[in-house]
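Worksheet: the structure to be examined is printed underneath.
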Amino acid sequence: MKENPKQKKRFLWWKEQFKEDFYIELFRHGLEEEDRVNEVLLQFAKRHNVKYFASNDTYYLNQDDADAHDVLLCIKDGERKSTPKGRGRGFRFGFSNDEYYFKSQDEMKSLFADLPEAISTTNDIISKCESYRLASDVLLPAFQIPAEFQDEKDQADPSLKLGENNYLRHLTFEGAKKRYEEVTHEIKERLDFELETIKNTGYPGYFLIVQDFCNAARDMGVSVGPGRGSAAGSAVAYCTGNYQCRSH
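If you count by my numbering, then the sequence shown holds residues 4 to 251, one letter each, in order.
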């Protein structure tokens, strides 16, 4: 097949930008148009000495999740599932088959059995990836804790946040007395559970800061929304003034 000059120009431009990190991605979801595209891409790979690798779009975990995913697409677009898939008026968006799941290594090897290099090249790409941590320390402004709630251990190890947790517990149970007619055992148990969770995740400072500016805004007559998206339904947030909707 003869190369299209525009395609060739664009292809070589990308190759020049990424050099040895430029790869061709091949899909095999059982679509005829993919087969045609793959044929052209493999010719480019051979002519211009570019490696190719096997890939698979993944929109759901298991193959039998395809129908649930299709229902979700209908909900998102406000369409009926009975509406035919396609383009234009009278059609809806949807995938043509159930091949968009997380395929196993063996399944991918079988799918690209005629192109073993497409599988081995994935290891080449992996070897170039740098490892990094998704987890990071919680960075929040220091909240001024009243002296009676401070803990000397925080000076040696600020990550303990004992003072913040002490003060948040105080504000929570003081607020509970105002929010509830009676602080029952069930309510206390829930507050203790939430406070322990907040303590373990290192977020007492966040709750203290948010309750501070929410309550200050109300004192100044500034409108404050009834809920916080980051702590929806939290009893601690409700008791400290972060959250105005009682959901329990």
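Note that CB positions come from ideal geometry on N, CA and C, so glycine has one too. Keep in mind that this is a model prediction, so the values were computed, not measured.
Contact under 8 Å by Cβ, residue i with residue j
{"i": "residue 125", "j": "residue 178", "result": "no"}
{"i": "residue 86", "j": "residue 92", "result": "no"}
{"i": "residue 174", "j": "residue 214", "result": "yes"}
{"i": "residue 211", "j": "residue 239", "result": "no"}
{"i": "residue 18", "j": "residue 74", "result": "no"}
{"i": "residue 208", "j": "residue 152", "result": "no"}
{"i": "residue 102", "j": "residue 33", "result": "yes"}
{"i": "residue 84", "j": "residue 99", "result": "no"}
{"i": "residue 202", "j": "residue 245", "result": "no"}
{"i": "residue 170", "j": "residue 190", "result": "no"}
{"i": "residue 24", "j": "residue 131", "result": "yes"}
{"i": "residue 26", "j": "residue 129", "result": "no"}
{"i": "residue 114", "j": "residue 31", "result": "yes"}
{"i": "residue 64", "j": "residue 97", "result": "no"}
Element boundaries [beta strand (DSSP E), containing residue i]
{"i": "residue 121", "result": "Run containing residue 121: none in the beta strand (DSSP E); it sits in the alpha helix (DSSP H), 119-131."}
Nearest-angstrom beta carbon gap, residue j and residue i [assumed within contact, 8 Å]
{"i": "residue 29", "j": "residue 55", "result": "6 Å"}
{"i": "residue 198", "j": "residue 182", "result": "Not a contact, Cβ separation roughly 15 Å."}
{"i": "residue 69", "j": "residue 104", "result": "7 Å"}
{"i": "residue 14", "j": "residue 51", "result": "7 Å"}
{"i": "residue 112", "j": "residue 59", "result": "Going by Cβ atoms, the distance from residue 112 to residue 59 rounds to 12 Å, so no, they are not a contact pair."}
{"i": "residue 227", "j": "residue 220", "result": "5 Å"}
Residue span of the alpha helix (DSSP H) that contains residue i, given as start and end
{"i": "residue 170", "result": "165-182"}
{"i": "residue 113", "result": "108-114"}
{"i": "residue 156", "result": "156-159"}
{"i": "residue 75", "result": "69-80"}
{"i": "residue 24", "result": "Note, residue 24: premise wrong, no alpha helix (DSSP H); not H, not E."}
{"i": "residue 246", "result": "Per DSSP, residue 246 belongs to no alpha helix (DSSP H) and is neither H nor E."}
{"i": "residue 212", "result": "207-222"}
{"i": "residue 43", "result": "35-51"}
Identity of the residues DSSP links to residue i by a beta bridge
{"i": "residue 138", "result": "Note: residue 138 sits in no beta bridge, so no partner."}
{"i": "residue 29", "result": "57"}
{"i": "residue 191", "result": "Bridge partners of residue 191: none, in fact."}
{"i": "residue 88", "result": "95"}
{"i": "residue 104", "result": "63"}
### Query
Counting Cβ pairs, one atom from each stretch, are 3 or more of them under 8 Å apart for the region 137-148 and the region 110-121?
no
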